[in-house]
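A.B. asks:
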Amino acid sequence: MRKILSTLLLASGLLLSAQVGINTDTPKATLDVNGDINFRNKIVLLNATDNTLSEGNNDQLLVSQGEGYPPTWKTLRIPEYEPNKFYLIFNNSFSDKVGVKFTNGEEASMTSSRGATFNKGTNISSLQGFKKINGLSQTISVFSTQSKAYFQFETVVQANFGPNGATDTSIDYACGIFVDDKLVNLRQRNLKASSANYPFLTHNQIGIVENLTKGNHTVSVGCARLASYGDTTKTLAIGTNTNTNINGFVAQSSLKVDVYEVPEVFNPIIN
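Going left to right, the sequence shown walks through residues -18 to -1, 1 to 253 as mature numbering (1 follows the signal peptide of the UniProt record, and there is no 0) numbers them.
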């Protein structure tokens, strides 16, 4: 009996210290199972703090926390996408306090009508007199062939006109939104002199482009001085100030970008 007991104790000690393999003669872990595993009841984790057992919740997964740390239950927060519906995939806003200025010598010299010049898809290099607002040039990513990108541009435009109530003293200008240097949206406006010194206005425009190719794209904003009337010697400022009745904070530019897509890289889930 003493020999049998000693043998059992020795075998138990070996089991406690050795690696155990099921369906393998060369286990590579404390317990190495080579084959399918079927758990008929529950998997539980021991909480070493209070020695309680945790079974996890529905839809939770057992996740490793790295070598030397116990595993834990985690919930995967995967959004549910329905087929053929657009979802907001990218959203960001950018700002710029530098802006651009135009003297009378930087006015665009257009050889054809504005209607013939400003066409969707025109490269900015073909639009004379346009300057980019550098801080608004940013990279966006598109992951689906079905997408809609919305752009909202806002800035302040000022000229250093003195007090003049004459309506024929004014400056025409234009601002365009570009994707990969191609025009996708343009607005023209006119800043008029008034009875006040150094008039300014708030400029807003919204653009949209559909079904950009998948990959990275650069969105940018560029503006131009088109024509002057009356006193043509004055400076035009867009996204910055010409005089101290407003400051750079007030005059700064902003661009908001939203990209909606019909997801292609997610498995659709229908409830």
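In this text, a Cβ means the ideal position worked out from N, Cα and C, and glycines have one as well.
Grouping DSSP H, G and I as helix and E and B as strand, with all else coil, what is residue 239?
C.D. replies: The answer is strand: DSSP assigns residue 239 an E or B state.
A.B. asks: Please give me, in chain order, every unbroken run of the beta strand (DSSP E) with length at least 3 that falls completely inside the region 82 to 155.
C.D. replies: Fully enclosed beta strand (DSSP E) runs of 3 or longer: 82 to 84, 120 to 124 and 129 to 141.
A.B. asks: Beta-carbon separation of residue 124 and residue 194 under 8 angstroms?
C.D. replies: Their beta carbons are under 8 angstroms apart, which means residue 124 touches residue 194 by this criterion.
A.B. asks: Would you check if the distance between the CB atom of residue 117 and the CB atom of residue 220 is smaller than 8 angstroms?
C.D. replies: Their beta carbons are not under 8 angstroms apart, which means residue 117 does not touch residue 220 by this criterion.
A.B. asks: From residue 143 to residue 102, what does the alpha carbon distance come to, in whole angstroms?
C.D. replies: Computed Cα separation, rounded: 33 angstroms.
A.B. asks: Can you tell me whether residue 51 is buried or exposed, with buried defined as 16 or more other CB within 10 angstroms of its CB?
C.D. replies: Exposed, since its Cβ has fewer than 16 Cβ neighbours within 10 Å.
A.B. asks: One question on the structure: do residue 78 and residue 115 come within less than 8 angstroms of each other, judged by their Cβ atoms?
C.D. replies: Cβ atoms of residue 78 and residue 115: closer than 8 angstroms.
A.B. asks: Let me know the secondary structure DSSP gives residue 230 once reduced to three states.
C.D. replies: Residue state, collapsed to three classes: helix.
A.B. asks: Span of the beta strand (DSSP E) holding residue 189?
C.D. replies: Note, residue 189: beta strand (DSSP E), 182 to 192.
A.B. asks: For residue 215, which residues in the same chain have their Cβ closer than 8 angstroms to its Cβ, ignoring the five residues on either side in sequence?
C.D. replies: Result list for residue 215: 86, in chain order.
A.B. asks: Could you pull out every residue in the same chain whose Cβ sits closer than 6 angstroms to the Cβ of residue 211, ignoring the five residues on either side in sequence?
C.D. replies: If we look at residue 211 and ignore the five residues flanking it on each side, its Cβ neighbours are 150 and 152.
A.B. asks: Got a sec, what are the start and stop residues for the beta strand (DSSP E) residue 14 sits in?
C.D. replies: That run of the beta strand (DSSP E) goes 13 to 15.
A.B. asks: Please list, in chain order, all residues of the same chain as residue 163 whose beta carbon is under 6 angstroms from its beta carbon, the five residues on each side excluded.
C.D. replies: 105 and 106.
A.B. asks: Which class does residue 51 belong to by DSSP, given the choice of helix, strand or coil?
C.D. replies: Reduced to three states, the DSSP call for residue 51 is coil.
A.B. asks: Do you know how far the Cα of residue 127 is from the Cα of residue 196?
C.D. replies: So the alpha carbons of these two residues sit roughly 6 angstroms apart.
A.B. asks: Select from 99, 230 and 30 the residue whose C-alpha is nearest the C-alpha of residue 138.
C.D. replies: Looking at the Cα atoms, 230 is the closest of the given residues.
A.B. asks: Using only alpha-carbon positions, find the residue among 64, 49 and 45 that is nearest to residue 57.
C.D. replies: The residue with the shortest Cα to Cα distance from residue 57 is 45.
A.B. asks: Distance, Cα to Cα, residue 198 vs residue 72?
C.D. replies: Cα to Cα, residue 198 sits roughly 12 angstroms from residue 72.
A.B. asks: Buried or exposed: which applies to residue 37, given that a residue is buried once 16 or more other Cβ atoms fall within 10 Å of its Cβ?
C.D. replies: The residue in question, residue 37, is exposed, as its Cβ has fewer than 16 Cβ neighbours within 10 Å.
A.B. asks: The beta strand (DSSP E) spanning residue 197 covers which residue range?
C.D. replies: That run of the beta strand (DSSP E) goes 197 to 211.
A.B. asks: Please determine, among 213, 180 and 184, the residue with the shortest C-alpha to C-alpha distance to residue 224.
C.D. replies: Among 213, 180 and 184, the Cα nearest to that of residue 224 belongs to 180.
A.B. asks: Using beta-carbon positions only, say whether residue 186 and residue 136 come within less than 8 angstroms of one another.
C.D. replies: It is a contact, given that the beta carbons lie within the stated cut-off.
A.B. asks: Please classify residue 165: is it buried, with 16 or more other beta-carbons within 10 angstroms of its beta-carbon, or exposed?
C.D. replies: With 16 or more Cβ atoms within 10 Å of its Cβ, residue 165 is classed as buried.
A.B. asks: Could you check the C-alpha separation between residue 188 and residue 157 for me, to the nearest Å?
C.D. replies: Those two C-alpha atoms are separated by around 11 angstroms.
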